[in-house]
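Chemist: Have a look at the structure that comes next, please.
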Ligand SMILES: [Zn+2]
């Protein structure tokens, strides 16, 4: 992530675009892309968090600015033609070092993988901070680009996303091949942990969820991976104990989601 954090300029240019996720606002400074926001149901700047920040000066973006390229890249992502972003990002408005470290750890979660809030808290060296981590991600200024949709509850539940947009979180995960299911008719949406491969923090191998190396006490910190393809894209090799290459998991059905 190419990130700028110097707190000087306060002018942001913004544009509001239609997308398969409803209207989205994209804002940039002279340093990089600074905010992405879902504006449904109200499609105007008034509905934006940015309009409630008196320290920012907001101006409508001009044609030819980076915002337009960012919008095209986002559409490509939502149609499965792109898996990440290489824009310069401007994170000067992030509230604290803690918040910044949460965002950086989230940015490193590979496409098609998820981790729990508790796991992310341990990864940043704050093992008791699962709740503050979740809170920090509610204020992620760059959803999708910093993929907070890849962070779920310890039970696998798809808790809060951009307020209460859990269905949106499911759509973003399904796009990456992450299988989800609703527990009963009214239960929470959760990821299907038994249909996903796992990796211990820092390991270069991926495992079946039933591998003897996966101890119950370490479950919270596991990276859960949608498929062998995604594991290999992330540079992981099959575990030599459980051999996920010889005993692959059955593929969970995953609907195509954006048209
Ligand atoms: Zn294994």
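In the working numbering, the protein residues as written are 3 to 261. Think of the CB as a built atom: it goes at the ideal place given N, C-alpha and C, for glycine as much as any other residue.
(1) If distances are taken between C-alpha atoms only, which option among 13, 34, 64 comes closest to residue 56?
(2) Contact check, residue 120 vs residue 236 under 8 Å by CB: the rounded distance?
(3) Determine the burial state of residue 212: buried for a count of at least 16 other Cβ atoms within 10 Å of its Cβ, exposed for fewer.
(4) Could you check where the alpha helix (DSSP H) with residue 115 kicks off and where it finishes?
(5) For residue 74, count neighbouring C-beta atoms within 10 Å of its own C-beta (all shown protein chains included) and say buried if the count is 16 or more, exposed if not.
(6) Reducing DSSP to helix, strand and coil, say where residue 226 ends up.
(7) Is the closest heavy atom of ligand 1 to the C-beta of residue 207 under 8 Å?
(8) Any idea what DSSP makes of residue 201, helix, strand or coil?
(9) Around the Cβ of residue 108, are there at least 16 other Cβ atoms within 10 angstroms (buried) or fewer (exposed)?
(10) Drop a sphere of 10 angstroms on the beta-carbon of residue 217, count the other beta-carbons inside from all chains shown, and report buried for 16 or more, exposed for fewer.
(11) Within the same chain, show all residues whose beta-carbon is closer than 6 Å to that of residue 27, passing over the 5 residues directly before and after it, in chain order.
(12) In chain order, what are the residue ranges of uninterrupted beta strand (DSSP E) at least 3 long that sit wholly in the segment 40 to 107?
(13) Would you grab the beta carbon distance between residue 175 and residue 151 for me? Rounded to a whole angstrom, and I think it's under 8 Å.
(14) Opposite residue 30 in the DSSP bridges: which residues?
Modeler: In brief:
(1) For the options 13, 34, 64, the alpha carbon positioned closest to that of residue 56 is the one of 13.
(2) Actually they are not in contact, since the Cβ atoms of residue 120 and residue 236 sit about 21 Å apart, beyond 8 Å.
(3) The residue is exposed, with fewer than 16 neighbouring Cβ atoms inside 10 Å.
(4) Counting along the chain, residue 115 falls outside any alpha helix (DSSP H), though it belongs to the beta strand (DSSP E) covering 115 to 118.
(5) With fewer than 16 other Cβ atoms within 10 Å, it is exposed.
(6) Residue 226 carries a strand assignment under DSSP once its states are collapsed to helix, strand and coil.
(7) Yes, ligand 1 has a heavy atom inside 8 Å of this Cβ.
(8) Under the three-state reduction of DSSP output, residue 201 falls in the strand class.
(9) By the neighbour-count criterion, in which a residue is buried when 16 or more other Cβ atoms sit within 10 angstroms of its Cβ, residue 108 is buried.
(10) Exposed: under 16 other Cβ atoms inside 10 Å.
(11) Correct list, in chain order: 16, 18, 39, 41, 50.
(12) 59 to 62, 90 to 92, all fully within the segment 40 to 107.
(13) Indeed, because the Cβ distance is near 6 Å, the residues count as touching under 8 Å.
(14) Looking at the DSSP assignment, residue 30 forms a beta bridge with 15, 35.
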